[in-house]
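So that you can map any letter, position 46 of the sequence shown is 378 in my numbering, and since no number is skipped, the others follow by simple counting. Input: a single structure, listed below in structure tokens.
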Amino acid sequence: MQIYIQVKQLGKRKASIEAQKFIIEDSLFTVHDLLYDIVTKQVDKFNHRAIGNIDDEPTLLNYLSLTQIENQSPSGKISFNLDYRQQKQDIQSAFDNVIMAFNDGLFRIFLNDNELSSLEEKINLQENDKLTFIRLTMLSGRIW
Numbered sequence: 333m334q335i336y337i338q339v340k341q342l343g344k345r346k347a348s349i350e351a352q353k354f355i356i357e358d359s360l361f362t363v364h365d366l367l368y369d370i371v372t373k374q375v376d377k378f379n380h381r382a383i384g385n386i387d388d389e390p391t392l393l394n395y396l397s398l399t400q401i402e403n404q405s406p407s408g409k410i411s412f413n414l415d416y417r418q419q420k421q422d423i424q425s426a427f428d429n430v431i432m433a434f435n436d437g438l439f440r441i442f443l444n445d446n447e448l449s450s451l452e453e454k455i456n457l458q459e460n461d462k463l464t465f466i467r468l469t470m471l472s473g474r475i476w
């Protein structure tokens, strides 16, 4: 099933990133299941990201074509998608971090403008639903 995911962050001038298409499993019943599916796919994507040209000779000068720039610009970030550290991430630890962040209130999830407030909350996802994650940024510094 295809849904759209959008990430917003409070306190930024440009508060949103254009909604991205995301394919999820049809058998998701709770917020917990939804988060696990999203984290698993994102960690797999991160771990499979190639570093340069592994099969070919290393390139001396990497560049982005105009098409690559146009494809990346709706997400708000244009990059070479290289991971110089070559560290694979663990799905379980990433999922544990997401659950802790959700329970601590570091982000909120909205499904078609309705807040999902509990991990055990039942959800009924339909084709082309809009899922919005709002990151709540903690402020730090001194007050004078």
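Note that beta-carbon positions come from the ideal geometry of N, C-alpha and C, so glycine has one too.
Identity of the residues DSSP links to residue i by a beta bridge
i: residue 441; result: 448 and 465
i: residue 454; result: 362
Neighbour-count burial assignment, residue i, 16 or more Cβ in a 10 Å radius
i: residue 342; result: exposed
i: residue 412; result: exposed
i: residue 478; result: Here the chain covers residues 333 to 476 and nothing more, so residue 478 does not appear.
i: residue 398; result: exposed
i: residue 355; result: exposed
i: residue 401; result: exposed
Whole-Å CB distance - residue i paired with residue j, under 8 Å assumed
i: residue 360; j: residue 455; result: 7 Å
i: residue 357; j: residue 369; result: 6 Å
i: residue 375; j: residue 423; result: 5 Å
Check whether residue i and residue j have beta carbons under 8 Å apart
i: residue 469; j: residue 338; result: no
i: residue 352; j: residue 407; result: yes
i: residue 363; j: residue 453; result: yes
i: residue 434; j: residue 451; result: yes
Taking the runs of the alpha helix (DSSP H) that are 4 residues or longer, which of them lie wholly in the segment 404-439? Correct list: 423-435.
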